[in-house]
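Every position in the sequence shown, counted from 1, becomes a number in our numbering once 6 is added. Where a beta carbon is used, it is the ideal one built from N, C-alpha and C, also for glycine. One structure below.
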Amino acid sequence: MGRYILRRLLINIPILIVITILVFVMIEITPGDMADYFMSEETIAYMTEADIIALRERLGLNDPPPIRYLKWMGNVLQGNFGFSFVEGYPVGELLWERLKNSGVLMGAGLLVAVILGIPLGVFTALKQYSLADFFLTGLSFIGLSMPAFISGIIGMYVFAVRLRWVPAGGMRTPMVNTFANLLHHLVLPASILAIMHGAQFMRYQRFSMLEVLNADYVVTATAKGMRRRIVVARHALRNALIPVVTMIGLTISQFVAGAVFIETIFGWPGMGRLYYRAVISRDYPIIMGANLVIAAFVLFANLITDITYALIDPRVRYE
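Structure representation (structure tokens):
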């Protein structure tokens, strides 16, 4: 297992480099650059050619693209992700702060989704075609089909505007830095994420569980007189978890990218909202840094998922 992990980590290094090159190339072929953000219709009338050249020099846009990429990569290897002229802060500090905020939101949503989705998926599989199965399956279809921005707006209107149970947005109340206050703001956006992902986990767990329950080894164990609870927990559930673990691993990789719609609707200062603003303002240092962090996190999440396979299923070995 140790050699496998080391091999995967070494393979991920050139993958990260290729990803940064592809992102840089896509930025280069996109019309316009970061200088356009500072040259609005109001300011361009007062700028001379020398001012424009000085601005582009200050932003590092006068060098050829390969030189700019090598400079950026050299700074990254030294732990320097650059400086955001739009946000006014070092990119590394911005990414770290927003990553923590997205981790709180996405972590809470994913934890609730796993706690609810997997048991409900097992329950509906064991109660196939029952009234509870039809009811929960119908709810899961609603959770899967409703877009995030629709469910976010509906949830805000009902629970924040009409009922006033939770705040309408933000991560904390100004001048109030307590865990209870954070939890109060977290309840609604995390619940919406939990419903979306929990419905997905429930559907995958149900399908996987039904397939395993009809397998020969489960039928044989049941025919031998083994208790139903032991058959489900010891034989069926562990094998049925593998597809769900894959889905959870893909969801974990979304931590660093954040939930763009939910963070925008609720004003949550996370990675998704930061990335959206960076694209709109063409803040290339943030775009490059965020894509590097996202790619690294996705590769790491895939590695953790593969390791989890071996822990769940003894037949999976990587030596």
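**Asked** Looking at the structure shown, is P72 part of a helix, part of a strand, or coil, going by DSSP?
**Response** helix
**Request:** Compare the C-alpha of L317 against each of V266, A301, N183 and V251 and name the closest.
**Result:** V251
**Prompt:** Can you pull the DSSP bridge partners for S90?
**Reply:** Y95
**Close beta carbons around S157, own chain, < 6 Å, minus the five adjacent residues each side** = I198
**Request:** For my contact list, S108 and G276 are in at a C-beta cut-off of 8 Å; report their separation, rounded to the angstrom.
**Result:** 4 Å
**Request:** Drop a sphere of 10 angstroms on the beta-carbon of F147, count the other beta-carbons inside from all chains shown, and report buried for 16 or more, exposed for fewer.
**Result:** exposed
**Prompt:** Between I292 and L100, is the Cβ-Cβ spacing less than 8 Å?
**Reply:** yes
**Asked** Nearest to G123 by CA position, among L305, Y210, R233 and N18, is which residue?
**Response** Y210
**Request:** Can you tell me which of V238, T314 and G295 puts its alpha carbon nearest to the alpha carbon of K133?
**Result:** V238
**Supposed close pair G161, L194 - CB separation, criterion 8 Å** = 6 Å
**Message:** Which same chain residues end up closer than 7 Å to Y223 when comparing Cβ atoms and leaving out the 5 residues on each side of it in sequence?
**Reply:** H241
**Request:** Take the Cβ of A246 as the centre, count every other Cβ of all protein chains shown within 10 Å, and call the residue buried at 16 or more, exposed below.
**Result:** buried
**Request:** With a threshold of 16 other CB atoms inside 10 Å of the CB of D289, please say whether the residue is buried or exposed.
**Result:** buried
**Prompt:** If you draw a straight line from the alpha carbon of I59 to that of L105, how long is it in whole angstroms?
**Reply:** 35 Å
**Message:** I'd like to know whether the C-beta atoms of A200 and V118 end up nearer to each other than 8 Å.
**Reply:** yes
**Request:** Please classify W274: does DSSP put it in a helix, a strand, or coil?
**Result:** coil
**Asked** Taking Cβ positions, are H203 and G115 nearer each other than 8 Å?
**Response** yes
**Message:** Beta-carbon within less than 7 Å of F155's beta-carbon, same chain only, minus the 5 sequence neighbours each way: which residues are those?
**Reply:** F267 and I271
**Request:** Go to G255, then tell me how far its alpha helix (DSSP H) extends in each direction, as first and last residue.
**Result:** L243 to I258
**Request:** To the nearest angstrom, report how far apart F165 and P125 are at their CA atoms.
**Result:** 27 Å
**Request:** Look at the alpha carbon of L216 and the alpha carbon of A131, and state the distance between them as a whole number of angstroms.
**Result:** 6 Å
**Request:** Could you spell out where the alpha helix (DSSP H) holding Q211 opens and where it closes?
**Result:** F185 to L219
**Item:** L10: first and last residue of the uninterrupted alpha helix (DSSP H) it sits in
**Value:** Leu is not the amino acid found at residue 10; the sequence shown has Tyr there. Element bounds for Y10: G8 to I35.
**Asked** Over what stretch of residues does the alpha helix (DSSP H) that includes P291 continue unbroken?
**Response** Y290 to I318
**Asked** How should E34 be labelled, buried or exposed, when 16 other C-beta atoms within 10 angstroms of its C-beta is the threshold for buried?
**Response** exposed
**Request:** Let me know the secondary structure DSSP gives A131 once reduced to three states.
**Result:** helix
**Message:** What residue range does the alpha helix (DSSP H) around F155 cover?
**Reply:** A154 to G161
**Message:** Rounding to the nearest angstrom, what Cα-Cα distance links F44 and A296 in this structure?
**Reply:** 22 Å
**Same chain, Cβ closer than 6 Å to R283, neighbours up to 5 away in sequence not counted** = none
**Asked** How would you label V128, buried or exposed, when you count the other beta carbons within 10 angstroms and need 16 or more for buried?
**Response** buried
**Pairwise C-alpha distance: E269 and V97** = 19 Å
**Prompt:** For S136, does the count of other Cβ atoms within 10 angstroms reach 16, so buried, or fall short, so exposed?
**Reply:** exposed
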